[in-house]
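In this note's numbering, the protein residues as written are 323 to 516.
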């Protein structure tokens, strides 16, 4: 999960971006456009960046690149890690679910098809949807000023999800979730199969 004690500089930065290399960050044309035209960040403005692996720093936006003005900071990953397994849902709902789970700092997102899942993804759909969901995750990480990029994975069935250590099902009629829960499974719109 994200640090609860965010560095003051990160909290007041006007933008937070995900980069491949925190030591030598490069801005793609898309990121440059986003910073200048969408976010309206002015040259000379302080921004923060992360590599999505716990490292972050403060930079000055200088148009086509970033100038480092601070040391690189490292944040430990929260323990225990939290995984959420989500059954495939109708278009749009899954995107919002993935976005919000990323924003609150979930460590891993597992998507799976269950008996009552409405969409069924074949291999080509899974690849296309995985790319889209990874873009949503990256954008949500930037929006929430997160520093740990959640892992996105796919399992073929609920039986595979049930094998995940520390898994609990979100079920209105089920038992209370205990502190030993490390993975919460959220069912499909049609409910869990009996």
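Glycine included, C-beta positions come from ideal geometry on N, C-alpha and C.
Return the CA-CA distance between residue i and residue j, expressed in angstroms with no decimal places.
{"i": "residue 337", "j": "residue 494", "result": "39 Å"}
{"i": "residue 470", "j": "residue 463", "result": "8 Å"}
{"i": "residue 286", "j": "residue 387", "result": "Since the first residue shown for the chain is 323 and the last is 516, residue 286 is missing from the structure and cannot be characterised."}
{"i": "residue 344", "j": "residue 503", "result": "33 Å"}
{"i": "residue 394", "j": "residue 496", "result": "45 Å"}
{"i": "residue 376", "j": "residue 347", "result": "15 Å"}
{"i": "residue 490", "j": "residue 484", "result": "8 Å"}
{"i": "residue 428", "j": "residue 468", "result": "10 Å"}
{"i": "residue 421", "j": "residue 404", "result": "16 Å"}
{"i": "residue 472", "j": "residue 401", "result": "14 Å"}
{"i": "residue 331", "j": "residue 431", "result": "29 Å"}
{"i": "residue 389", "j": "residue 452", "result": "32 Å"}
{"i": "residue 357", "j": "residue 385", "result": "9 Å"}
Can you tell me whether DSSP reads residue i as helix, strand or coil?
{"i": "residue 393", "result": "coil"}
{"i": "residue 362", "result": "coil"}
{"i": "residue 410", "result": "coil"}
{"i": "residue 457", "result": "helix"}
{"i": "residue 404", "result": "coil"}
{"i": "residue 483", "result": "helix"}
{"i": "residue 351", "result": "helix"}
{"i": "residue 424", "result": "helix"}
{"i": "residue 467", "result": "coil"}
{"i": "residue 379", "result": "strand"}
{"i": "residue 334", "result": "helix"}
{"i": "residue 371", "result": "strand"}
{"i": "residue 346", "result": "coil"}
{"i": "residue 324", "result": "Residue confidence for residue 324 is low, a pLDDT of 42 falling below 50, so the modelled location carries little weight; the figure read from the coordinates is stated next. Of the three classes helix, strand and coil, the one that applies to residue 324 here is coil, per DSSP."}
{"i": "residue 502", "result": "coil"}
On the CB-based measure, 16 or more other CB atoms within 10 Å of its CB, does residue i come out buried or exposed?
{"i": "residue 353", "result": "buried"}
{"i": "residue 365", "result": "exposed"}
{"i": "residue 370", "result": "buried"}
{"i": "residue 418", "result": "exposed"}
{"i": "residue 342", "result": "exposed"}
{"i": "residue 509", "result": "buried"}
{"i": "residue 406", "result": "buried"}
{"i": "residue 444", "result": "exposed"}
{"i": "residue 374", "result": "buried"}
{"i": "residue 500", "result": "exposed"}
{"i": "residue 507", "result": "buried"}
{"i": "residue 449", "result": "exposed"}
Assuming residue i contacts residue j under a Cβ cut-off of 8 Å, what Cβ separation, rounded to an integer in Å, is found between them?
{"i": "residue 460", "j": "residue 340", "result": "5 Å"}
{"i": "residue 474", "j": "residue 455", "result": "6 Å"}
{"i": "residue 397", "j": "residue 434", "result": "Contact flag wrong, Cβ pair sits at about 30 Å."}
{"i": "residue 363", "j": "residue 381", "result": "The pair is not a contact, with the Cβ atoms about 11 Å apart (cut-off 8 Å)."}
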